[in-house]
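For reference, the structure is listed below as structure tokens.
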Amino acid sequence: MVNFCSFLMNYFQGFIESLSKERRGSLIRCPGEGEECQLRSSASLPNCISDWLKRPDLRIVPAFSLPEDRLNMAASVRCFLRSGKNAVSTLGQRGFHKSAPASAQMMVRDALNQAMDEELERDERVFLLGEEVAQYDGAYKVSRGLWKKYGDKRIIDTPITEMGFTGIAVGAAMAGLRPICEFMTFNFSMQAIDQVINSAAKTCYMSAGRQSVPIVFRGPNGASAGVAAQHSQCFAAWYAHCPGLKVVSPWSAEDAKGLLKSAIRDDNPVVFLENELMYGVPFEMSEESQSKDFTIPIGKAKVERQGTHVTVVTHSRYVSHCLDAAAVLAKEGIECEVINLRTIRPLDVETIEASVMKTSHLVTVEGGWPQFGVGAEICAMVMEGPAFNFLDAPATRVTGVDIPMPYAKILEDNSLPQIKDIIASIKKTLNV
Amino acid sequence: MLTNFSNVLRVCAQRNGAAAVVSARTYADFTTQATFEIKKCDIHKLDEAPATQVVMTRDEGLKYYRVMQTIRRMELKADQLYKQKIIRGFCHLYDGQEACAVGIEAGINLTDHLITAYRAHGYTYTRGGTVKEIMAELTGRRGGIAKGKGGSMHMYTKNFYGGNGIVGAQVPLGAGVALACQYQGNNELSVSLYGDGAANQGQIFETYNMAALWKLPAIFICENNRYGMGTSVERSAASTDYYKRGDYIPGLRVDGMDVLCVREATKFAADHCRSGKGPMLMELQTYRYHGHSMSDPGVSYRTREEIQEVRGKSDPISLLKDRMLSNNMASVEELKEIDVSVRKEIEDAAQFATTDPEPPLEELCNHIFYNDADLEVRGTNPWTTLKSVS
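Top line first, the protein sequences correspond to chains B and S. Heads up: the first sequence is residues 41 to 472, going by our numbering. Heads up: the second sequence is residues 842 to 1231, going by our numbering.
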């Protein structure tokens, strides 16, 4: 049994690697620039979620419209079947694409776009500012079409001056508007972090509730692919440390839409941590999520997968990894309960505790560094609460490696939690 | 003739031992308004400067006098309370610079917006805060303007965004407020103040760029009191022409010790902004009598002679007083009455500030968020859970 499982794991891993080799160098461009869509014609297509997530070329414009997405998905499925590979299918888990044309499918980037579009329409005080958000349609095309629809007044291109435009955004919020301040990546927010913390987060408290700051700071956070150390840092722990901020980290398209709408409607500063590698990932959207009033409450986690043996707590991109790992482990009879945090601050410790009291084991998974991180906080909170007495083993943190992000692919891949790491950690925690 | 008559009366009153001024001097005695010659402003990228012949009415003069005197006495009281350890932490006093706060407010409306750095007590007052709630905030009591949660550097009132502790950070905030004014089309403007020390901050230049690019209705005002903490302007800036530092933004250099100069320049700048021409920059040349803060004696980097000289020759309150007296716009007694009344107001406020109780412990975790559900906040240990109400 063990041999078969390890064979499966090796095969699975090898499969991913072989695909990586295949698609390296393939450039994907959106049709409309005078070229045929290479996505459709390319034989080397991503086939499973993990593979999809590692594509550096996703930063170049992928297909935007739903019909195009479905075509691409169909093509990739065809290729998958043709290849005769028999990898573990995690596709079913997330209702990837299969049938059901009645329920809509949406990429995370489109969900974010829709959320902003709906909120811009709903409240004229809402506006978006940041680098390239207007005429370029967004560095990652998240704000595509918004400038055309709403114009210069509400979608504002800024110069490359984070500290300045962040301060301007905060001031506008103080004076009654509801800005969405985009950071091209959260790495650049470090230049403006004083405005986020000292001007935005603390002001309501310092003014004894007199001065509110209804602002959303959003943008991609954490590691991308091949962008090296200065562009790969995860800021979840940094921002979640500070009272006065709400820190949100969506995973799926539904998360993205519902949480962004809640963030924009919130009268307080919200740090909204997206993930670049998730932008192009499609998810099924439930019917209720297609409503213009669909919001997801900030501060509530979601159990993505029920389980009995171990509680796996994670956020953002790593929800996918954990679900993949859970699928592999299920074949061995280990049922993982996967919790998608959705919000980092305030942390939904009740959901985590209820789960730990059921499973008696806890593993946290994140992309950020281990020290003083999200996982560290979860462990501390669980220790201080009623769930501690239910633990049969110390909690385990699976994190990024404690180094600045290297560039070379093999090094980068091994700087972040891989599915095999998660599987191994869960097994070790369960002592199997 | 009337004057002589009333002088006689006054003398009689005094001889009779009457304490009250039996004033037969009516309003008809005083000049209702006069024209004053003020210093010409240096201009940068402008075709014309603010007027040098300005009119001030008696009422305006009395109002400016009263407000400046209130600020002066309030700051001196704060000095006293600080030395008695009733005020703690940071305390940056504004005495000497009163003409700036009063002159600016005279040039704008209460519906306009203003933001400054940490030397903010004077502005909190001119923007509508009361002496009582300002002093109670300094002493950290529940009657403070921020309920004791903010302290000296974090006082807020309507259209006044503090009180900001981080040097320079208030300038982009002020431009953001201007953006909101422009966005909402309400013909209001935003005044952002900063000092000579902050004037070298990068974020200020980033703000100049965006304000000019987007033609925001923003007035940037540098209160140049010659010293950024203990460092003189010569030692910190490659160019001390702060009014030119906005480069493409038109600028004015103004005598910040003359309330009328400041008022005229502010009106000039406000007109410029409201006409949609974009931002303007003003440098007010002023002086602070105290050190940077209460922990700085203020004499290690400048001489006592310098301080005395400014006090003697350029004190803003004295300047205004001399103007009014020599133009027969007020009497010595009248101004003394104002002084007495101001003193009393300050004493009452100080009394309140020292006797009002501190905020209740139940307030500790309140106001983290605005318009939010009640939440639980971890105390210093896992068994302490505190409540936060927004």
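In this text, a Cβ means the ideal position worked out from N, Cα and C, and glycines have one as well.
Please compile the residues from chain B whose C-beta is within a distance smaller than 9 Å of the C-beta of residue i.
i: Met1051(S); result: Thr198, Pro199, Thr201, Gly204, Phe205 and Ile208
i: Pro1120(S); result: Near Pro1120(S) there are no residues of chain B at all, since even the closest Cβ is about 12 Å away, more than 9 Å.
From residue i to residue j, what distance separates their C-alpha atoms?
i: Ser23(B); j: Gln411(B); result: No information on residue 23(B) is available, as it lies outside the stretch 41 to 472 that chain B covers here.
i: Cys362(B); j: Pro199(B); result: 39 Å
i: Ala276(B); j: Leu381(B); result: 12 Å
i: Phe334(B); j: Phe167(B); result: 20 Å
i: Glu406(B); j: Gln273(B); result: 12 Å
i: Asp1112(S); j: Phe223(B); result: 35 Å
i: Ala127(B); j: Thr399(B); result: Interpretation of Ala127(B) is limited by its pLDDT of 37, a score under 50 that renders its predicted location unreliable; the figure taken from the coordinates is listed afterwards. The straight-line gap from Cα to Cα measures roughly 28 Å.
i: Leu431(B); j: Val1218(S); result: 25 Å
i: Leu285(B); j: Ile220(B); result: 15 Å
i: Thr354(B); j: Arg184(B); result: 29 Å
i: Tyr1049(S); j: Ala215(B); result: 19 Å
i: Gln330(B); j: Leu934(S); result: 57 Å
i: Met915(S); j: His962(S); result: 9 Å
i: Gly178(B); j: Ile459(B); result: 31 Å
i: Leu313(B); j: Ser289(B); result: 5 Å
i: Thr404(B); j: Ala919(S); result: 53 Å
i: Met146(B); j: Gly1043(S); result: 42 Å
i: Val1018(S); j: Val1012(S); result: 10 Å
i: Ile443(B); j: Ala269(B); result: 9 Å
i: Glu316(B); j: Ala1040(S); result: 37 Å
i: Leu979(S); j: Ile384(B); result: 36 Å
i: Gly204(B); j: Gln175(B); result: 20 Å
i: Thr1081(S); j: Gly1071(S); result: 16 Å
Listing by chain order, which chain S residues have their CB less than 8 Å from the CB of residue i?
i: Asp234(B); result: Ile1007 and Ala1010
i: Pro386(B); result: Leu1216
i: Ala212(B); result: Gly1017, Val1018, Leu1020, Ala1021 and Tyr1024
Please compile the residues from chain B whose C-beta is within a distance smaller than 8 Å of the C-beta of residue i.
i: Ile1209(S); result: Cys244, Tyr245, Pro283 and Gly284
i: His954(S); result: Ala215
i: Thr1048(S); result: Gly204, Gly207 and Ile208
Would you mind reading off the limits of the alpha helix (DSSP H) that contains residue i?
i: Ala1024(S); result: One detail in the question is off: residue 1024(S) reads as Tyr in this sequence, not Ala. Start and end: Gln1011 to Gln1025.
i: Phe1193(S); result: Val1173 to Thr1196
i: Cys1114(S); result: Val1100 to Arg1115
i: Met147(B); result: Counting along the chain, Met147(B) falls outside any alpha helix (DSSP H), though it belongs to the beta strand (DSSP E) covering Ala144 to Met147.
i: Gly211(B); result: Glu202 to Met214
i: Ile473(B); result: There is simply no residue 473(B) to check, as chain B begins at 41 and stops at 472 in what is shown.
i: Gly902(S); result: Arg899 to Lys924
i: Phe334(B); result: Unbroken run through Phe334(B): none, as it is neither H nor E.
i: Ser360(B); result: Tyr358 to Ala370
i: Lys188(B); result: Leu186 to Tyr190
So with CB distances below 7 Å, who are the chain B contacts of residue i?
i: Ser1231(S); result: Gly249
i: Glu1038(S); result: The question names Glu, but residue 1038(S) in the sequence shown is Gly. Those within 7 Å of Gly1038(S) in chain B number zero; the least Cβ separation is about 16 Å.
i: Pro1223(S); result: Glu424
Identify the contact partners of residue i in chain S, using a Cβ-Cβ distance below 7 Å as the criterion.
i: Ala7(B); result: Residue numbering for chain B in the displayed model covers 41 to 472; residue 7(B) lies beyond these limits and cannot be assessed.
i: Lys193(B); result: Tyr1024
i: Ser239(B); result: Ala1010 and Leu1014
Starting from residue i, follow the beta strand (DSSP E) in both directions and report where the run begins and ends.
i: Ala875(S); result: Gln874 to Glu878
i: Ser264(B); result: That residue, Ser264(B), is in no beta strand (DSSP E); it is neither H nor E in DSSP.
i: His281(B); result: Per DSSP, His281(B) belongs to no beta strand (DSSP E) and is neither H nor E.
i: Leu1216(S); result: Leu1216 to Arg1219
i: Arg258(B); result: Val256 to Pro260
i: Ala1059(S); result: Ala1059 to Asn1065
i: Ile466(B); result: It is not in any beta strand (DSSP E) - Ile466(B) instead sits in the alpha helix (DSSP H) that spans Ile459 to Leu470.
Residue i touches chain S at which residues, Cβ-Cβ below 9 Å?
i: Ser252(B); result: Phe1210, Tyr1211 and Asn1212
i: Ser229(B); result: By Cβ distance, chain S contributes nothing, its closest Cβ being about 14 Å from Ser229(B), past 9 Å.
Looking at residue i and the ligand ATP, is the gap between the Cβ and the nearest heavy atom below 7 Å?
i: Tyr959(S); result: Of ligands this structure carries none, so the ligand ATP is not represented either.
Residues in the region 983 to 1005 of chain S having any Cβ partner in chain B nearer than 7 Å:
For the region 983 to 1005 of chain S, which is checked against every Cβ of chain B, the residues closer than 7 Å are Ala987, Lys988, Lys990, Gly991, His995, Tyr997 and Tyr1002.
Could you tell me whether the region 1118 to 1128 of chain S touches the region 1059 to 1066 of chain S, where touching means 3 or more Cβ pairs closer than 8 Å?
Judged by pairs of C-beta atoms under 8 Å, the region 1118 to 1128 of chain S touches the region 1059 to 1066 of chain S, as three or more such pairs exist.
Validate contact between the region 994 to 1004 of chain S and the region 947 to 958 of chain S using beta carbons, cut 8 Å, 3 pairs
yes
Kindly confirm or deny that the region 979 to 992 of chain S and the region 232 to 248 of chain B touch, where touching means at least three C-beta pairs closer than 8 Å.
yes
How do the region 941 to 955 of chain S and the region 1030 to 1039 of chain S stand: do at least 3 beta-carbon pairs fall below 8 Å, yes or no?
yes
Contact list for the region 284 to 309 of chain B against chain S, Cβ threshold 7 Å:
Gly284, Asp307 and Asn308
Going along the chain, which residues of the region 401 to 430 of chain B sit with their C-beta nearer than 7 Å to a C-beta in chain S?
Glu424
Within 8 Å, do at least three Cβ pairs link the region 1098 to 1107 of chain S to the region 936 to 948 of chain S?
The region 936 to 948 of chain S is in contact with the region 1098 to 1107 of chain S.
Contact between the region 232 to 247 of chain B and the region 151 to 160 of chain B: three or more CB pairs below 8 Å?
no
Is the region 248 to 267 of chain B touching the region 410 to 426 of chain B, taking contact as three or more C-beta pairs under 8 Å?
no
Give a yes or no on contact between the region 255 to 268 of chain B and the region 339 to 352 of chain B, applying the rule of three or more CB pairs nearer than 8 Å.
no
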